[in-house]
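Q: Its first residue numbered 1, the sequence shown is counted upward by one per residue in my numbering. Got a structure for you, written out below as structure tokens; questions coming shortly.
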Amino acid sequence: MLRVCQRATLRRRSGHRLTAYRQISQSTKPSQKRVIFSGIQPTGVPHLGNYLGALSNWVKLQKTADPDDTLLFSIVGWHALTLPQDPAVLRSARDDMLAVLLAIGLDPERSVLFHQDHNLHHVELCWILNCLTPVGKLRRMTTWKSRLATSRNATSEAEVDESLLNSGLFTYPVLQAADVLVYRATHVPVGEDQQQHIELTRDLAEIFNRTFKGQKPLFPLPIYVNAPSKRILSLRDPTSKMSKSSPDTASRILLSDTASQIKSKIRAAVTDSIPGITYDPISRPGTSNLLTILAACTGSNAQDVAGKYISKGHGQLKNDVADAVEELLKGPRSEFERIRHEKAFLDEVARKGASKAIVYSGATMEDVKRRIGLS
Numbered sequence: 001m002l003r004v005c006q007r008a009t010l011r012r013r014s015g016h017r018l019t020a021y022r023q024i025s026q027s028t029k030p031s032q033k034r035v036i037f038s039g040i041q042p043t044g045v046p047h048l049g050n051y052l053g054a055l056s057n058w059v060k061l062q063k064t065a066d067p068d069d070t071l072l073f074s075i076v077g078w079h080a081l082t083l084p085q086d087p088a089v090l091r092s093a094r095d096d097m098l099a100v101l102l103a104i105g106l107d108p109e110r111s112v113l114f115h116q117d118h119n120l121h122h123v124e125l126c127w128i129l130n131c132l133t134p135v136g137k138l139r140r141m142t143t144w145k146s147r148l149a150t151s152r153n154a155t156s157e158a159e160v161d162e163s164l165l166n167s168g169l170f171t172y173p174v175l176q177a178a179d180v181l182v183y184r185a186t187h188v189p190v191g192e193d194q195q196q197h198i199e200l201t202r203d204l205a206e207i208f209n210r211t212f213k214g215q216k217p218l219f220p221l222p223i224y225v226n227a228p229s230k231r232i233l234s235l236r237d238p239t240s241k242m243s244k245s246s247p248d249t250a251s252r253i254l255l256s257d258t259a260s261q262i263k264s265k266i267r268a269a270v271t272d273s274i275p276g277i278t279y280d281p282i283s284r285p286g287t288s289n290l291l292t293i294l295a296a297c298t299g300s301n302a303q304d305v306a307g308k309y310i311s312k313g314h315g316q317l318k319n320d321v322a323d324a325v326e327e328l329l330k331g332p333r334s335e336f337e338r339i340r341h342e343k344a345f346l347d348e349v350a351r352k353g354a355s356k357a358i359v360y361s362g363a364t365m366e367d368v369k370r371r372i373g374l375s
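Below, the structure is given as structure tokens:
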């Protein structure tokens, strides 16, 4: 259905749409403006770590970007399919994530908010890049190697139970590259664990530019933007990151959690029995995690926060952390609860965002097809 609708749109308005493509293609000069792209998987309502990390940085970028900068933030549903998904759950999670992006302050009039799977140019460019990607580069991706290592403790692909892996897991870094390059993005704000993927994206951009030469390189080499953010750990296992994959729901705080739920989870957070409060992530990971959360919520430094609790106990610290988290999340939570029930509004935001995204990516794909001989 999506494929038919998009093609019909292109046929009905091909003259206007192609003109728009060419205008963007000719007027876009990376030296004059930035094209910023980032994506997040539709995992449902994000947790506190997501918010204090990537999502809050997206809002900051929106506030600080120059008027000429283009901001594109996508819910990357195709990436979610590399793992088994319940269709009904995934469908709901997509709406949850879009509602959250709006609730935290992303403005669809300033930033392009859209579902990746509403723009078929992503997979079109992905296939073209797949045909240029050396297999060796994909084998060296740390994500793939970690899947091998955790698949029944395998040390090589020969030992892996292939039923636990799929080709999507192997090639999804190419789709990530297509996500970025289809908009000719110049800057990509991602976490440190994604830096290798940006390097692959740059490599593939160079391979394409070198293989299919024109008057000038088609793809800019995107810059990895590592925005400073707090690394929030699990409340139940402070040696690992806060994650929705943990079976223990008390290990994480969701943006939709109520004040009482937040307080309950913080009170149950793992700390230690050492007297006093100090910031020592190695020896006191649980206590340090609470200090990090409090510092992030209040715009402070964890070391400075710790200095205020030298003569206080964990009970006081936990109460203050719970209050600070509630203060931070109550606004977005209220907005989320309001927006989440407005299905028609969410669909309209997604539709308009996809329409804008398709114009940008269409300009790229026209040039790509011309260079490779498909146009």
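Even for Gly, the Cβ is constructed at its ideal location relative to N, Cα and C. Small disclaimer: the values here were computed from a predicted structure and weren't measured.
Alpha carbons only, please: which of 294, 117, 54, 206 is nearest the one belonging to residue 192?
A: Distances from the CA of residue 192 to each of 294, 117, 54, 206 were compared; the closest alpha carbon is that of 54.
Q: Need the endpoints of the beta strand (DSSP E) that residue 115 sits in, please.
A: 112 to 115
Q: Is it true that the CB of residue 99 sits closer than 9 Å to the CB of residue 346?
A: yes
Q: Checking 9 Å against the spacing of the C-beta atoms, do residue 243 and residue 231 come in under that value?
A: No, the Cβ-Cβ distance between residue 243 and residue 231 is not below 9 Å.
Q: Quick check on DSSP: helix, strand or coil for residue 171?
A: In the structure shown, residue 171 sits in a helix (DSSP, three-state: H, G or I).
Q: Where do the N-terminal and C-terminal ends of the beta strand (DSSP E) with residue 187 fall, by residue?
A: 187 to 189
Q: What is the C-beta distance between residue 175 and residue 78, in whole angstroms, given that I count them as a contact (C-beta under 8 Å)?
A: 6 Å between Cβ atoms; contact.
Q: Return helix, strand or coil for residue 279, following the three-state DSSP convention.
A: coil
Q: Can you tell me whether residue 214 is helix, strand or coil according to DSSP?
A: coil
Q: Could you tell me whether the segment 202 to 213 touches the segment 95 to 114, using the rule of 3 or more Cβ pairs below 8 Å?
A: no
Q: Start and end of the alpha helix (DSSP H) containing residue 408?
A: Since the first residue of the chain shown is 1 and the last is 375, residue 408 is not available in this structure.
Q: So, at 6 Å on beta carbons, what are the nonlocal neighbours of residue 375 in its own chain, with the 5 sequence-adjacent residues on each side left out?
A: 369
Q: With DSSP as the reference, identify every bridge partner of residue 74, one or two as the case may be.
A: Beta-bridge pairing links residue 74 to 39, 114.
Q: Between the segment 319 to 339 and the segment 288 to 301, are three or more C-beta pairs nearer than 8 Å?
A: yes
Q: Could you give the C-beta distance for residue 89 and residue 40, rounded to a whole number, given that I count them as a contact under 8 Å?
A: 17 Å between Cβ atoms; not a contact.
Q: Which class does residue 183 belong to by DSSP, given the choice of helix, strand or coil?
A: coil
Q: For my contact list, residue 188 and residue 225 are in at a C-beta cut-off of 8 Å; report their separation, rounded to the angstrom.
A: The Cβ separation is near 6 Å, so the contact holds.
Q: Nearest CA to the CA of residue 73: which residue from 107, 43, 37?
A: Residue 37 is the option with its Cα nearest to residue 73.
Q: Within 10 angstroms of the Cβ of residue 341, are there 16 or more other Cβ atoms? Answer buried if so, exposed if not.
A: exposed
Q: Does the separation of the CB atoms of residue 286 and residue 238 fall below 9 Å?
A: Taking 9 Å as the cut-off, the Cβ atoms of residue 286 and residue 238 count as close.
Q: Pick out whichever of 310, 365, 200 has its Cα sitting closest to the Cα of residue 135.
A: Comparing alpha carbon positions, the residue from 310, 365, 200 closest to residue 135 is 200.
Q: For chain D, find out if any of its Cβ atoms is closer than 9 Å to the Cβ of residue 278; answer yes or no.
A: Among the protein chains of the structure shown there is no chain D, as only one such chain exists.
Q: Which term fits residue 365, buried or exposed, when burial requires 16 or more other beta carbons within 10 angstroms of its beta carbon?
A: buried
Q: Would residue 186 and residue 228 be called neighbours here (beta carbons separated by less than 9 Å)?
A: It is not a contact, given that the beta carbons lie outside the stated cut-off.
Q: Count the other CB atoms within 10 Å of the CB of residue 126; is the residue buried (16 or more) or exposed (fewer)?
A: buried
Q: Look up residue 309 in the DSSP assignment and say whether it is helix, strand or coil.
A: coil
Q: Since I believe residue 269 is in contact with residue 318 (beta carbons under 8 Å), could you give me their beta-carbon distance rounded to a whole number of angstroms?
A: For residue 318 against residue 269, the beta-carbon gap comes to about 7 Å, under 8 Å, which counts as contact.
Q: Between 123, 94, 130, 124, which lies nearest to residue 113 when the distance is taken from Cα to Cα?
A: 94
Q: Got a sec? Which residues, its chain only, sit under 6 Å from residue 354 by beta carbon, not counting five neighbours each side?
A: 114, 118, 119
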